[in-house]
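Student: Sequence order for the protein chains is X and E. Heads up: the first sequence at position 101 corresponds to 100 in numbering that gives the first Met the number 0, and the numbers run straight through without jumps. Heads up: the second sequence at position 237 corresponds to 236 in numbering that gives the first Met the number 0, and the numbers run straight through without jumps. Even glycine gets a Cβ: it sits at the ideal position worked out from N, Cα and C. Just so we're clear, the structure is a prediction, and the values are computed from it rather than from any experiment.
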Amino acid sequence: MRPLEEQSHYEVLEIERGASREEVERAYRLGQATYADDSMAAYSVLGPDDLRAARERVELAYEVLSDPIGRERYDAGLAGHPDEAEPEPSEESLLLPLPPESEQAAPVRRRVETGIEGFEDVDDEAEGGTYDGARLRRARLVRGLEIAQIAAVTKINPSYLHCIEDERFDALPAPVYVRGFVTAYARCLGLQAESVALSYMERVQGRRQESRATRGRRA
Amino acid sequence: MIEHSSTSATPVASRATGPAPDAARMIAVGGGKGGVGKTFVTVNLAVAIAREGYDVVVVDGDLEGANVHTCFGIPAPPVSLADFVANRQEELTKLLVETGVPNLRLIAGTHGNLGSAQPGHFQRVRLLSRLRQLPADLVLIDLGAGTQPAVMDYFLVGDDGVVVFSPEPTSVENAYAFLRAAFYRRMRLAMLTHSVRGLATQAMDQRNERGIRRPADLLREIESLDPSEGARFAQAVRSFRPRLLVNEVRTADEIKLGFSVRSVCRKYFGIDAEYLGYVNHDAAVRQSVVARRPLVDFHPGCDAAVYLRRIARKVSRSLGAPGPAAEEAP
């Protein structure tokens with residue numbers, strides 16, 4: 000239990016020493032969001048000064064750990080202290096190596112969309128079975144993606160994406176278009192697009208047949 | 000997970016030898032704020048885990064607003080915790096009522112006598128030790144709102160404490176207040192010397208004169224007063240592992256709120272909270288509440304039920320293999 004200013008870059012980003020580049024990116028984005036001025040997670044417990052200090056530490060940690068050379072130098076500085084948490088470190092280990100001057104410029108904010116750490120097991124893909132709208136939504140949410148982001152990548156109108164998730168088939172265009180939308184959506188999520196589209200279109204067709212039968216009975 | 004340290008000094012927290020091997024596992028579900036879905040989560044986790052084949056008892060610990068029985072669509076049972084509190088019934092097993100769900104029974108907390116609704120400290124100690132002896136794999140306790148000692152004792156004595164909050168500023172704020180109250184109460188109970196306990200009590204007041212704002216400040220103060228108590232404090236901090244559950248999420252950002260709260264807990268309170276999972280906002284939830292049926296049974300295919308069952312599986316992993324009841328499960 001050490002104050003923030005005494006924590007290592009790895010502790011600040013809450014990642015393991017062997018964390019991949021992707022994990023560093025993900026941790027950085029989470030840190031930015033957590034300690035933003037309007038953060039719901041922090042506003043009631045941290046003041047503006049605490050938030051600023053936290054953001055600066057997150058930025059610094061990211062600058063060093065996202066750069067392979069800077070990280071190597073930093074790791075060399077930490078060598079001999081394989082576990083920052085246990086036991087409590089000596090004074091000298093708390094002197095964090097500084098990045099070289101050339102690397103102290105504004106950090107690169109690379110956007111890499113990856114899943115939400117720790118909840119990969121919530122994804123449904125391994126379960127097989129039907130792909131319905133709710134399952135597509137779950138697969139999207141577990142990847143940390145909003146409808147707008149899917150729309151930006153696939154160029155599909157966001158209202159159609161909502162209709163696909165909510166299974167409002169009446170509000171969707173002809174099946175041939177829906178198949179294209181679902182294929183693009185599934186591909187964007189990294190799912191097996193063809194099998195997802197096949198499964199989803201079976202639901203669309205089933206519903207169409209049902210409504211035709213209902214209309215026939217009424218007539 | 001909350002482990003029980005042998006250093007705990009009061010009867011509530013002291014089980015020097017730990018639970019007996021066949022003792023029921025106890026999980027308390029709290030969260031500080033009312034209306035965030037504590038009862039909904041407790042009931043549905045209980046049903047989902049019972050459906051996995053475990054013997055489960057759900058206890059309505061909210062004596063002032065008891066309504067777990069309503070979630071099962073059963074009338075207020077004639078016997079309840081109020082009978083135990085009023086010394087009318089010593090045997091908790093005689094308070095168990097069927098819920099209509101196989102392997103799942105309820106100890107209700109009906110409003111027996113509003114004047115003496117909350118048990119006193121020693122009654123809580125007696126109650127908690129009896130709960131653990133119930134013939135079950137798991138005892139789930141639904142806590143009332145607030146951070147009063149009665150609520151905190153139930154939370155702290157469990158093997159796991161789950162903190163439920165929704166993605167709203169008021170709910171998050173109350174969740175922190177709840178975690179903070181639980182933390183300092185646990186630390187106070189773990190300390191042996193009177194002076195150090197006094198320090199922990201002072202730290203509970205955020206505007207204390209000694210300037211103790213965070214656990215790290217308190218640790219420094221304790222270490223300067225008594226190094227051995229300092230080591231005990233650090234150990235107690237490490238063993239305090241509340242689990243976070245975000246209810247009613249609507250967006251991916253709201254899912255990430257759980258990670259953000261975990262981060263603040265770690266960085267500023269030294270609390271190693273675990274993000275147990277999230278349940279999304281789902282219209283089917285209200286339908287199940289109105290129908291007085293647990294969601295995971297009423298609408299098993301809806302999003303929220305899928306998430307609840309996944310959280311249930313995470314929880315039940317710590318229970319080992321289900322008992323003989325598994326064979327009777329549908």
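Is the number of C-beta pairs between the stretch 160-169 of chain E and the stretch 238-246 of chain E that are closer than 8 Å three or more?
Tutor: They touch, by the three-pair rule.
Student: Please list the segments of the alpha helix (DSSP H) lying wholly inside the stretch 58-138 of chain E, counting only runs of 4 or more residues, in order along the chain.
Tutor: You should have 67-70, 80-84, 120-131.
Student: For E/Ala27, list the residues DSSP reports as bridge partners.
Tutor: Counting from 1 along the second sequence, the entry for residue 27 of chain E is found at position 28. Its beta-bridge partners are E/Ile140, E/Gly160.
Student: Does the structure place the stretch 49-64 of chain X close enough to the stretch 25-36 of chain X that three or more beta carbon pairs sit under 8 Å?
Tutor: Segments in contact, yes.
Student: Please list the partners that X/Pro2 has in chain E, where partner means a Cβ-to-Cβ separation under 7 Å.
Tutor: In the first sequence, residue 2 of chain X corresponds to position 3, counting from 1. Ala215, listed in chain order.
Student: Hey, is the stretch 117-128 of chain E in contact with the stretch 94-107 of chain E, meaning 3+ C-beta pairs nearer than 8 Å?
Tutor: The answer is no - the stretch 94-107 of chain E does not touch the stretch 117-128 of chain E, with fewer than three Cβ pairs under 8 Å.
Student: Can you tell me the Cα-Cα spacing of X/Val181 and X/Glu164, whole angstroms?
Tutor: Along the first sequence, one-based indexing puts residue 181 of chain X at 182. Along the first sequence, one-based indexing puts residue 164 of chain X at 165. Between X/Val181 and X/Glu164, the C-alpha separation is close to 10 Å.
Student: Would you identify the three-state DSSP class for E/Gly173, choosing helix, strand or coil?
Tutor: If you number the second sequence from 1, residue 173 of chain E lands on position 174. First, the residue type needs correcting, since residue 173 of chain E is Asn and not Gly in the sequence shown. DSSP places E/Asn173 in helix when its eight states are reduced to three.
Student: Rounded to the nearest angstrom, what separates X/Pro96 and X/Ala41 at their Cα positions?
Tutor: Stepping through the first sequence from its first residue, residue 96 of chain X is reached at position 97. Stepping through the first sequence from its first residue, residue 41 of chain X is reached at position 42. Caution applies to X/Pro96, whose pLDDT of 34 falls short of 50 and renders its modelled position unreliable; the value that the coordinates give is listed next. Those two C-alpha atoms are separated by around 28 Å.
Student: My output table needs one value for E/Gly52: the three-state DSSP class, helix, strand or coil.
Tutor: By 1-based counting over the second sequence, the position of residue 52 of chain E is 53. DSSP places E/Gly52 in coil when its eight states are reduced to three.
Student: Just by C-beta distance, which residues in the stretch 173-200 of chain E are closer than 7 Å to chain X?
Tutor: Cβ contacts with chain X come from Tyr175.
Student: Nearest chain X C-beta to E/Leu256 closer than 9 Å, yes or no?
Tutor: Taking the second sequence and counting its residues from 1, the one referred to as residue 256 of chain E is at position 257. It does; some Cβ of chain X falls within 9 Å.
Student: Might you give, ordered along the chain, the residues of its own chain that have their beta carbon closer than 6 Å to the beta carbon of E/Ile26, omitting 5 neighbours on each side?
Tutor: By one-based count along the second sequence, residue 26 of chain E stands at place 27. Cβ within range, chain order: Leu139, Gly157, Asp159.
Student: Does the stretch 29-39 of chain X touch the stretch 256-272 of chain E, meaning 3 or more C-beta pairs lie closer than 8 Å?
Tutor: Counting Cβ pairs under 8 Å, three or more are found: they touch.
Student: In this structure, does DSSP put E/Glu295 in helix, strand or coil?
Tutor: If you number the second sequence from 1, residue 295 of chain E lands on position 296. Reading off the sequence, residue 295 of chain E comes out as Val, not Glu. Note: E/Val295 maps to helix in three-state DSSP.
Student: For E/Leu94, tell me which candidate among E/Ala22, E/Gly64, E/Val56, E/Tyr306 has the shortest Cα-Cα distance.
Tutor: Along the second sequence, read from residue 1 onward, the residue named residue 94 of chain E stands at position 95. The option with the nearest alpha carbon to E/Leu94 is E/Val56.
Student: To test your reading of the DSSP string, which unbroken alpha helix (DSSP H) runs of 4 or more residues are found completely within the stretch 271-318 of chain E?
Tutor: Here the runs fully enclosed are 282-290, 294-297, 302-315.
Student: Return the first residue and the last residue of the beta strand (DSSP E) that E/Arg242 is part of.
Tutor: By 1-based counting over the second sequence, the position of residue 242 of chain E is 243. Where E/Arg242 is concerned, the enclosing beta strand (DSSP E) stretches over 242-248.
Student: Strictly under 9 Å for the Cβ-Cβ distance: is E/Val42 near chain X by that measure?
Tutor: The residue labelled residue 42 of chain E in the question sits at position 43 within the second sequence. Taking Cβ atoms only, chain X never reaches closer than 9 Å to E/Val42, which makes this a no.
Student: Assuming E/Lys32 contacts E/Asn173 under a Cβ cut-off of 8 Å, what Cβ separation, rounded to an integer in Å, is found between them?
Tutor: As a position in the second sequence, residue 32 of chain E is number 33, starting the count at 1. As a position in the second sequence, residue 173 of chain E is number 174, starting the count at 1. Their Cβ separation, rounded to whole angstroms, is 4 Å, which keeps E/Lys32 and E/Asn173 in contact under 8 Å.
Student: For E/His53, return the contacting residues in chain X, with the cut-off set at a CB-CB distance below 7 Å.
Tutor: Translated into positions along the second sequence, residue 53 of chain E becomes position 54. Checking the sequence shown, residue 53 of chain E turns out to be Tyr, not His. Within 7 Å Cβ-Cβ: nothing; E/Tyr53 doesn't reach chain X, min ~20 Å.
Student: By a C-beta neighbour count over all protein chains shown, 10 Å radius and 16 as the cutoff for buried, is E/Glu63 buried or exposed?
Tutor: The count along the second sequence starts at 1 and reaches residue 63 of chain E at position 64. Classification for E/Glu63: exposed.
Student: Around the C-beta of X/Ala170, are 16 or more other C-beta atoms found within 10 angstroms, so that it is buried, or is it exposed?
Tutor: By one-based count along the first sequence, residue 170 of chain X stands at place 171. Label assigned to X/Ala170: exposed.
Student: Quick one: using the 10 Å Cβ neighbour count with 16 as the cut-off for buried, is X/Pro2 buried or exposed?
Tutor: Along the first sequence, one-based indexing puts residue 2 of chain X at 3. That one is exposed.
Student: Report yes if the C-beta distance between E/Leu137 and E/Ile48 is below 9 Å; otherwise report no.
Tutor: Along the second sequence, one-based indexing puts residue 137 of chain E at 138. Along the second sequence, one-based indexing puts residue 48 of chain E at 49. Result yes, Cβ atoms of E/Leu137 and E/Ile48 sit closer than 9 Å.
Student: I'd like to check one pair, E/Thr109 with E/Ala75: are the Cβ atoms closer than 9 Å?
Tutor: For the purposes of this step, residue 75 of chain E is taken as residue 76 along the second sequence, with counting starting at 1. For the purposes of this step, residue 109 of chain E is taken as residue 110 along the second sequence, with counting starting at 1. Result yes, Cβ atoms of E/Ala75 and E/Thr109 sit closer than 9 Å.
Student: For the stretch 147-161 of chain X and the stretch 305-322 of chain E, state whether three or more C-beta atom pairs, one from each stretch, are separated by less than 8 Å.
Tutor: The stretch 147-161 of chain X vs the stretch 305-322 of chain E: no contact.
Student: Starting from E/Phe268, trace the alpha helix (DSSP H) both ways and give me its first and last residue.
Tutor: Here the question's residue 268 of chain E lines up with position 269 in the second sequence. Counting along the chain, E/Phe268 falls outside any alpha helix (DSSP H), and DSSP gives it neither H nor E.
Student: Of all the CB atoms in chain E, is at least one closer than 9 Å to the CB of X/Asp49?
Tutor: Residue mapping note: residue 49 of chain X aligns to position 50 of the first sequence, counting from 1. With 9 Å as the cut-off, X/Asp49 counts as an interface residue toward chain E.
Student: Report the rounded CA-to-CA distance for X/Ile14 versus E/Phe164, giving the unit in angstroms.
Tutor: Position 15 of the first sequence holds residue 14 of chain X. Position 165 of the second sequence holds residue 164 of chain E. Taking the straight line joining both Cα atoms gives about 25 Å.
Student: At 4 residues or longer, what runs of the alpha helix (DSSP H) sit wholly inside the stretch 194-240 of chain E?
Tutor: Entirely contained in the stretch 194-240 of chain E, the alpha helix (DSSP H) runs reaching 4 residues are, in chain order, 214-224, 226-238.
Student: Can you list, in chain order, the residues of the stretch 128-145 of chain X whose Cβ is nearer than 9 Å to any Cβ on chain E?
Tutor: Per Cβ criterion, the list reads Asp131, Ala133, Arg134, Arg136, Arg137, Arg139, Leu140, Val141, Arg142, Gly143, Leu144, Glu145.
Student: Touching or not, the stretch 192-204 of chain E and the stretch 272-284 of chain E, by the rule of three or more beta carbon pairs under 8 Å?
Tutor: No, because fewer than three Cβ pairs between the stretch 192-204 of chain E and the stretch 272-284 of chain E fall closer than 8 Å, the two stretches do not touch.
Student: I'd like the span of the alpha helix (DSSP H) that includes X/Tyr73, first residue to last.
Tutor: What you label residue 73 of chain X is simply residue 74 of the first sequence in a count that begins at 1. 67-77 is the extent of the alpha helix (DSSP H) around X/Tyr73.
Student: For a test of the three-state rule: what should DSSP assign to X/Ala147, helix, strand or coil?
Tutor: By one-based count along the first sequence, residue 147 of chain X stands at place 148. Three-state DSSP puts X/Ala147 in a helix.
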